[in-house]
Ligand code: NAI
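Structure, rendered in structure tokens:
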């Protein structure tokens, strides 16, 4: 009798073997090396054991399987690097190809074992987990609305390498399969049934019996594509229908990704080429090769590190000071029930925190409460819970902060106003409670001077819209103590967001970097580059919007105000820039404030799309700069990466993970790079510095590489390698 590490086996009186997946010490089943060993043996047993007529694969956890163990994929990447260093690229490629293809080959053996196999999908089955079910001949899923099915690999720079790119399009057609895989979309069981990815949906208690019934009564052990009569749904690519689908699909891919995402491009290739060759096994070989290419390339490594590893580490509290007791917030005070205050009240109340929401008068406080209610209505939270959530929020002009263990100030961005609001709050708050400000620009150390208990004061910087944005930037003032930081991190975890911790600086980290992106757009205008080219280049580089569009969202008058405040604070040290005049023309002379008044770098209309404002050419005349789009794209990323490196060098950032996570979650820095510091590491500090030097000569000292970057360029160092120790030395 074979024994399994992660499965139990029961053979019933009908000779049906039920393999139940239940990994010890894991909340979810995943595919790791031990699971692959098990699957290899499972297939062997099904094939050779005469006492088995058919098999069911199911799970006794709440879900079926979450997909591949990403730490295993990370280890494969490291193995690749090691062999590369020792034996060269060919040996390393062979290694990663064999490791990557192993799972797919086992799945093919399962599919061709000669006996009927069914998957009883008792909950979520994603990635490799869903691929296991696709390799079975029959799939019945539980009608659990929370359960998600799908192939999300592209979200971390990979493709479904367990046969998914070949099986799914042969089941549901390329037109349905491509967006599911390229965008990594999940679906519920009903949708999967509707498109034909699974065979039946039933209450969870009935799926095992149904899987067994199918084996006994139908039990065809041949996959559709192994049947000679098989026709690809929707036709082959070189049919009239296929031709229309593929040319449109290709155009859509380019429009959505600007060809930045290797995984999405290679998923398309897998499906196109796989369906062209027709032979299923040849299709699997094509998939293996492209999977190898992705495993070898930098995108999957960077995306897995930042979007999976670092986000998870930081969300779990990687930066939480050790030794501070866990300290959940029971009652939260919010001063200022405006746009941000209402958002903060909403995200807190929905996780069970009591909220005291204050504003200068009752009417404003009630307006804030109205916003919370509006957000609830738009949310997916079931209506029967709304009253309870609203009941947790007490909105008024004079509520007491006495019982609050954390208070967040979110009044207008005015130093004078905050100077009166903060000490008033402190006087009401109990000993040991933490006070914070959601200021987006005012240094925390300066604000701390208005209060007595400066150690218990910290910056908690939310992003707009609060309900949607996953990042919270915590800012340490010079005197902020560990207790305040621990409490702030515990709070951010309570509201299910990801904290980064930065030291005080004008604009902290995220605003500082994003401002370089916006102002680079202004510099380009000043050079004579057209606004259309600037905006397109921004998106082509992988940013969610162009720099001018982003400035409209932030509001041009706000940028103008910040500029005035910076000038006033810096005095004679401020060096005027050619681009300061652009904002002055836009805001002061032409009252173009951005989206908020319907006119900025774009014109906005109630209906229809926003359009670039043609009048910009009266302020800065376009000319032929002779600079191509590639250079413009590159500058827009380099200027941000350089500012991030500067933040690291100035100790505003202390951990590269926070730079990368903060930039991607905070302002959408091109996700395929894994973040600005991963971007520099991937290019190599030497190349990055060379580019900076070239651009500094051409465009000015704002591109000058920093000391640490120059040192890294000559030592071969990197941010994820040794930058921390180099800085410490
Ligand atoms: P807002 O103008 O929507 O709300 C400010 C609220 O403060 C108003 O409801 C106002 O009545 C209230 N207020 C004024 N004086 C008060 C007082 N003495 N006591 C109690 N309440 C008072 O402003 P918004 O956008 O919510 O910004 C608030 C803070 O959050 C600012 O410091 C801003 O810089 C910061 N922030 C804003 C972001 C944004 O995208 N809007 C992003 C991140 C931070």
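In the working numbering, the protein residues as written are 3 to 731.
For every residue, glycine included, the Cβ atom is placed at its ideal position computed from N, Cα and C.
- Counting along the chain, residue 477 sits inside the beta strand (DSSP E) bounded by residues 473-478.
- With a beta-carbon spacing of about 5 Å, residue 558 and residue 588 fall inside the 8 Å limit used to define contacts.
- When distances are taken from the beta-carbon of residue 338 to the heavy atoms of the ligand NAI, the shortest one is below 6 Å.
- 7 Å or more divides the Cβ of residue 664 from the Cβ of residue 308.
- The residue among 620, 152 and 350 with its C-alpha nearest the C-alpha of residue 191 is 152.
- Three or more beta-carbon pairs separated by less than 8 Å link the stretch 199-206 to the stretch 123-143, which places the two stretches in contact.
- For residue 21, the enclosing beta strand (DSSP E) stretches over residues 18-23.
- Relative to the ligand NAI, the beta carbon of residue 568 is positioned no closer than 6 Å to any heavy atom.
- The continuous stretches of alpha helix (DSSP H) do not include residue 333, which lies in the beta strand (DSSP E) extending over residues 333-337.
- Just measuring C-alpha positions, the residue of 642, 405 and 26 sitting nearest residue 7 is 26.
- Put simply, the backbone Cα of residue 507 is about 19 Å away from that of residue 412.
- In the DSSP assignment, residue 46 falls within the alpha helix (DSSP H) that extends over 35-50.
- Secondary structure of residue 601 (DSSP, three-state): strand.
- Checking the DSSP bridge columns, you'll see residue 141 partnered with 121.
- Taken in chain order, the whole beta strand (DSSP E) runs of length 3 or more contained in the stretch 183-252 are 202-204.
- Within the same chain, and ignoring the five residues on either side of residue 484 in sequence, the residues whose Cβ sits closer than 6 Å to its Cβ are 323 and 326.
- Assignment of residue 439 by DSSP, reduced to helix, strand and coil, places it in the strand class.
- Taking residue 569 as the centre and dropping the five residues before and after it, the same chain places the C-beta of 576 closer than 8 Å to its C-beta, in chain order.
- Scanning the stretch 613-671 for uninterrupted beta strand (DSSP E) segments of 3 residues or longer gives nothing; none is fully contained.
- If you check the C-beta of residue 459 against the ligand NAI, you find no heavy atom less than 6 Å away.
- Contact check for residue 643 and residue 682: beta-carbon distance about 5 Å, within the 8 Å limit, so the pair qualifies.
- Beyond the five residues adjoining it in sequence on each side, residue 41 comes within less than 6 Å, by CB distance, of 108 in the same chain, given in chain order.
- Inter-residue distance for residue 31 and residue 62 is about 10 Å (C-alpha atoms, whole angstroms).
- For residue 512, the shortest C-beta to heavy atom distance toward the ligand NAI is 6 Å or greater.
- Inter-residue distance for residue 637 and residue 446 is about 31 Å (C-alpha atoms, whole angstroms).
- Boundaries of the alpha helix (DSSP H) harbouring residue 698: 687-701, taken from the DSSP string.
- The straight-line gap separating the alpha-carbon atoms of residue 131 and residue 69 is approximately 5 Å.
- When only Cα atoms are considered, residue 256 and residue 481 end up about 50 Å apart.
- If you keep only unbroken alpha helix (DSSP H) runs of at least 4 residues inside the stretch 388-472, you get 388-393, 417-430 and 446-450.
- Between the ligand NAI and the CB of residue 368, the shortest heavy atom gap is not smaller than 6 Å.
- The Cβ atoms of residue 234 and residue 170 lie no closer than 7 Å to each other.
- Beta-bridge annotation (DSSP): residue 56 is paired with 18.
- A distance below 6 Å between beta-carbons, with the five flanking residues on each side excluded, links residue 262 to the following residues of its chain, in chain order: 544 and 674.
- The stretch 427-435 makes no contact with the stretch 378-397: fewer than 3 CB pairs, one atom from each, lie closer than 8 Å.
- Beta-carbon to beta-carbon, residue 398 and residue 367 are separated by about 5 Å, close enough to satisfy the 8 Å threshold.
- By the Cβ rule, the stretch 73-92 does not count as touching the stretch 51-59, because fewer than three pairs are nearer than 8 Å.
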